[in-house]
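The block underneath contains the structure these notes are about, expressed in structure tokens.
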Amino acid sequence: EPEVTQTPSHQVTQMGQEVILRCVPISNHLYFYWYRQILGQKVEFLVSFYNNEISEKSEIFDDQFSVERPDGSNFTLKIRSTKLEDSAMYFCASSAGLASGELFFGEGSRLTVL
Amino acid sequence: AQRVTQPEKLLSVFKGAPVELKCNYSYSGSPELFWYVQYSRQRLQLLLRHISRESIKGFTADLNKGETSFHLKKPFAQEEDSAMYYCALLLNQAGTALIFGKGTTLSVSS
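Protein sequence lines, in the order shown, are assigned to chains A and B.
Going by this note's numbering, the first sequence opens with residue 2, and the numbers climb by one from there.
Going by this note's numbering, the second sequence opens with residue 9, and the numbers climb by one from there.
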């Protein structure tokens, strides 16, 4: 069964460093998402992406964040200059349709900023 | 403002007992609601959606627009139901975003 895969599973970085989190969505899906979950808190929407552009983004997704689909398979989240409060689990998801509401999630990338 | 509220952080029940996980929402549009589940060491996955009006693993959820609720119910809990449950609302007016409640941990013991 196809799955969303994410790398790395865990990354430790110093404050101020750039981080790129990678995701390979399910191959025939058209909509891609990033969510984050700070320890002990809820899963928060960051951004959705469709047709090579951002479809929707939350207040959390400020200028420090960017997303890209550099080729036909990868979907990346870049954090330009990490802050301590960026420490969280980042989930990538993809879906086949706009209105289905069925998102397929990856296992997450844990980011620790020191 | 659009919001999903799950008032209980933890719900502990005995095997065979009924379960109700509460979810309330706030949304000006026509709501589309979902329940997602995350079992231990597994990824977040869809459990059920209100438009399907289906029962999955014995769970059902009815959308009550008057009470703005979408509670998840199961008449007889099983130990394998122990997991984190998230209620989610699809924001389908301005773009594509699924927002989640804080989640409720269901613990079923024998």
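A virtual CB, placed ideally from N, CA and C, is assigned to each residue, including glycine.
Being a predicted model, the structure only gives us computed values, none of them experimental.
Original post:
If you draw a straight line from the alpha carbon of A:Ser74 to that of A:Ile21, how long is it in whole angstroms?
Top reply: 15 Å
Original post:
If you follow the beta strand (DSSP E) that A:Thr83 is part of, which residue opens it and which one closes it?
Top reply: First-last for A:Thr83: undefined, no H or E at that position.
Original post:
Skipping 5 residues on each side, what residues in its chain have a beta carbon closer than 8 Å to that of A:Gly107?
Top reply: Glu4, Val5, Thr6, Gln7, Cys24, Phe92, Cys93, Ala94
Subject >> Proximal chain B residues relative to A:Val44, where beta-carbon distance stays under 8 Å >> reply: Leu52, Tyr94, Phe108, Gly111
Original post:
Does A:Glu54 get closer than 8 Å to chain B when you measure Cβ to Cβ?
Top reply: no
**OP:** Measure the C-alpha to C-alpha separation of A:Arg70 and A:Leu78 and round it to an integer number of angstroms.
**Re:** 9 Å
**OP:** Could you please give the first and the last residue of the uninterrupted beta strand (DSSP E) stretch that includes A:Ser67?
**Re:** 66-69
Subject >> DSSP-derived helix/strand/coil call for B:Ser60 >> reply: helix
**OP:** Would you list the one or two residues that DSSP bridges to A:Lys58?
**Re:** A:Val48
Subject >> Alpha carbon of B:Gln37 to alpha carbon of A:His30, nearest angstrom >> reply: For the record, residue 37 of chain B in the displayed sequence is Gly; it is not Gln. The alpha-carbon atoms of B:Gly37 and A:His30 are separated by roughly 26 Å.
Original post:
Does B:Arg57 get closer than 8 Å to chain A when you measure Cβ to Cβ?
Top reply: yes
Original post:
Around the C-beta of B:Pro15, are 16 or more other C-beta atoms found within 10 angstroms, so that it is buried, or is it exposed?
Top reply: exposed
**OP:** With distances taken Cα to Cα, identify the nearest neighbour of B:Trp43 among B:Arg49, B:Asp70, B:Ser34.
**Re:** B:Asp70
Subject >> Close Cβ partners of A:Pro9 (< 7 Å) along its chain, the five nearest in sequence each way excluded >> reply: Ser110
**OP:** Tell whether a beta-carbon distance below 8 Å holds between A:Phe46 and A:Tyr36.
**Re:** yes
Original post:
By Cβ distance, which residues of its chain are closer than 6 Å to B:Glu28, with the 5 residues on each side in sequence left out?
Top reply: His79, Lys81
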